[in-house]
Structure formats: structure tokens, C-alpha cells
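Protein chains in written order, with the numbering used here: chain A, 1 to 148; chain B, 149 to 304.
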């Protein structure tokens, strides 16, 4: 396998890579902070959130916000704080000036007065599109490692 | 509006190395051995503190990697390699020496449970904690590992 024949596509430029890291930090902190509306606004109006644990995807900002509200309520009821750690971002230029990102995510849960645990380990694939100088998720596909 | 500072070469290389590790680790974790091998030079070596003699050359590395991927697939576990805390040092000869921490998160996976869509019973856990020292070279507009030395924290 000579080096010259590599077909691995290039990544994105440094400033874009850092910008996308910042986007995810803000997005996850909105979710973990219980800001369901702010979280939903990081998706396009017709954004899609799909996981391998659910045969039907959550489609559109309203549904995404509603799902986040419900999840936040369940966590509050159980007395759990949740933190999403996203990392290992592989970002590549996508169509129409967008970006495709593949990443890993850990979900850390901490009960009141208790020890944190790794609740979930996942891989994610996002299609990001430019909007108002920032980014929005048009489609997110999450693969939970504990689900076949 | 303030004009942003230009990205320094140092910053650029650090970001390239971060992206490199994301692809490199995602390739092996999804079992794509060919893509993973393509992130090493032909004459690459891999050593660790459990085996004194390093694996030399892509062909040898390939044999080991295919065995490890098959073992993991057979046991149904999912591994995710997370690297971070990378110190990226550019060397005078144009190579980069990257010293990172690497965690491996292991999820037992749904093997043996009720089939597609079913969830496994066991939670993910930390499987390994390591330090990874790589020498990377720029070839054909991309980075490749020429030399890797892994220290497993549990091995004395």
C-alpha cells in the first residue's frame, strides 16, 4: 500500500475544526443544562435526530425540544445530573459548504451525593450546515454501543 | 469587528494531529483495519510495555491488528479509543513527536441478548489507560505514524 495511493480525504482547516469543537461544547452544555429550547435551536427547523435504539427518528425542532424537555424532567425526577462529553472529532467537508462530522460521545451520570458513572458510550455522525455565521445540525445519527 | 489572528503553524499542526487521531482511532474501533494501516508508514514500528520486541512493518502490524479486531468482534464488545492531553512537539527534521493519553472505553454490547434493537445489560467502563508516544511524519499531505510506543498503566 504505497503512500501515494492514499485516498483518505482531507480534514477541515484548523479554524473550522476549532469552531466545530466550540459548537459541540455549546450544544452539549445547553442540553445538559436543561435548556431544551436552546438545544433544539442548534438543529435546523427540519432537523433529524436518530438513534439505533429507536426505529423512528425525532424530526423537527419542536419534537426535538419536546424530547429534551421530557428527558430533563426524568433526570430531575431521578436526581441525576448528566454530562455529555464529545470528542475524537473527524470533520470533513460536505456538500453545499456543510461539514460531516464523526465523533465519540460519553454520557456521564452523577446521582446526588454519589459517584459518577459512564452511562453510555456512543458514536455519532452529524451533517452540519452553515447558518448565520454559525452551525446547525441537519441530521444526527447516534449509535449506542450497547445496542445491536 | 476585530480581524482574527492568523493561525500559527504550531496551532495548525496541533489541530491536524487531533484530527489524525480521531480518524486513526475510529478506523480501528470500527474494525476497518485497512484504513487504520494506511495511517502508518510502511516501515512503522509499534512497541508497548507488555511486549519487549516491537512489531516492525505494516505487514506485521496488519497481522496483529486483524487478530485483535477478530477477537473483539467475537466477544461482542465495543471499544472506543479516546486520546487527549496531547503534547505535540515539532522536531527539527520535520517530524512530530506526539505524547498523548489514551483511554479505552469498553461496552459489553448486546451479544447474546434479544437481537437487533436490543440493549445490553452491562454499562460501559474504562478498560485501559495508557500513554502513547508517536513519531509522525508528513507524507503526501497527510500524517502517518512511523514509530509508536504505548505504555499500559496497569503493567509494571
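Ideal Cβ placement from N, Cα and C applies to all residues, glycine included.
Q) Cβ of residue 263 (chain B) less than 8 Å from any chain A Cβ? A) Bear in mind that the predicted position of residue 263 (chain B) carries a pLDDT of just 48, short of 50, making it unreliable; the figure below should be weighed with that in mind. Judged by the 8 Å Cβ criterion, residue 263 (chain B) is in contact with chain A.
Q: Can you pull the chain A residues whose beta carbon is under 7 Å from the beta carbon of residue 163 (chain B), in chain order?
A: 14, 17, 18
Q) So, is the C-beta of residue 129 (chain A) closer than 8 Å to a C-beta in chain B? A) no
Q) Does any residue of chain A bring its CB to less than 8 Å from the CB of residue 291 (chain B)? A) no
Q: Below 8 Å on the Cβ atoms is my guess for residue 338 (chain B) versus residue 37 (chain A); work out the distance and round it to an integer in Å.
A: The structure shown does not extend to residue 338 (chain B), since chain B is modelled only from 149 through 304, so no value can be given for it.
(Q) Give me the chain A residues within the contact set of residue 247 (chain B), using Cβ-Cβ distance strictly less than 7 Å, ordered along the chain. (A) Result: empty, since nearest Cβ-Cβ is about 17 Å, beyond 7 Å.
(Q) Give me the subset of the region 93-127 of chain A whose CB atoms are less than 8 Å from a CB atom of chain B, sorted by chain position. (A) 102, 103, 104, 106, 117, 118, 119, 120, 121, 123
Q) To the nearest whole angstrom, what separates the beta carbons of residue 101 (chain A) and residue 93 (chain A), a pair I think is in contact under 8 Å? A) The pair is not a contact, with the Cβ atoms about 11 Å apart (cut-off 8 Å).
Q: Return helix, strand or coil for residue 155 (chain B), following the three-state DSSP convention.
A: coil
**Q.** Simplified DSSP state of residue 68 (chain A), which is helix, strand or coil
**A.** In the structure shown, residue 68 (chain A) falls within a helical segment according to DSSP collapsed to helix, strand and coil.
Q: Given a cut-off of 8 Å, decide if residue 50 (chain A) and residue 141 (chain A) are closer than it, judged by their beta-carbon atoms.
A: Contact flag set, yes.
Q. Looking only at C-alpha atoms, which of B:230, B:224, B:182 sits nearest to residue 211 (chain B)?
A. The residue with the shortest Cα to Cα distance from residue 211 (chain B) is B:182.
**Q.** Residues, ordered as in the chain, of the region 17-46 of chain A that lie near chain B by beta-carbon distance below 8 Å
**A.** 17, 18
Q. From what residue to what residue does the alpha helix (DSSP H) around residue 222 (chain B) run?
A. Looking at the DSSP string, the run of the alpha helix (DSSP H) that includes residue 222 (chain B) is 206-223.
Q. Who are the neighbours of residue 90 (chain A) on chain B, taking C-beta pairs under 8 Å?
A. 167, 170, 171, 174
Q.
Which of the three DSSP states is assigned to residue 160 (chain B) in this structure?
A. It is helical.
Q. Can you tell me whether residue 45 (chain A) is buried or exposed, with buried defined as 16 or more other CB within 10 angstroms of its CB?
A. exposed
**Q.** For residue 105 (chain A): DSSP bridge partner residues
**A.** A:86, A:122
Q) Who are the neighbours of residue 228 (chain B) on chain A, taking C-beta pairs under 9 Å? A) 88, 104, 106, 121, 122, 123, 145
Q) Taking contact to mean at least 3 C-beta pairs separated by less than 8 Å, is the region 287-295 of chain B in contact with the region 188-198 of chain B? A) yes
Q. In chain order, what residues of the same chain lie with their CB nearer than 7 Å to the CB of residue 88 (chain A), ignoring the 5 residues before and after it?
A. 103, 104
Q.
Only counting the same chain, and skipping five residues up and downstream in sequence, which positions put a Cβ closer than 6 Å to that of residue 135 (chain A)?
A. 23, 128
Q) Are the CB atoms of residue 64 (chain A) and residue 40 (chain A) nearer to each other than 8 Å? A) Contact: yes.
Q) What's the gap between the Cα of residue 307 (chain B) and the Cα of residue 221 (chain B)? A) As displayed, chain B neither begins before 149 nor continues past 304, which places residue 307 (chain B) out of reach and without an answer.
Q | Limits of the alpha helix (DSSP H) - the one that residue 38 (chain A) falls within | A | 36-40
(Q) One question on the structure: do residue 138 (chain A) and residue 47 (chain A) come within less than 8 Å of each other, judged by their Cβ atoms? (A) For residue 138 (chain A) and residue 47 (chain A), yes; Cβs fall inside 8 Å.
**Q.** Environment of residue 76 (chain A) [buried if 16+ CB atoms lie within 10 Å]
**A.** exposed
Q | residue 156 (chain B) classed as buried or exposed, judged by whether at least 16 other C-beta atoms fall within 10 angstroms | A | exposed
Q) Taking 8 Å as the CB-CB limit, is residue 250 (chain B) close to chain A? A) no
Q: To the nearest angstrom, report how far apart residue 205 (chain B) and residue 120 (chain A) are at their CA atoms.
A: 36 Å
**Q.** Own chain, CB closer than 6 Å to residue 175 (chain B), minus 5 neighbours either side, in chain order
**A.** 183, 184
**Q.** For residue 179 (chain B), three-class secondary structure by DSSP
**A.** In the three-state DSSP reduction, residue 179 (chain B) falls in the coil class, being neither helix nor strand.
Q: Answer with yes or no whether the minimum CB distance from residue 11 (chain A) to chain B is below 8 Å.
A: yes
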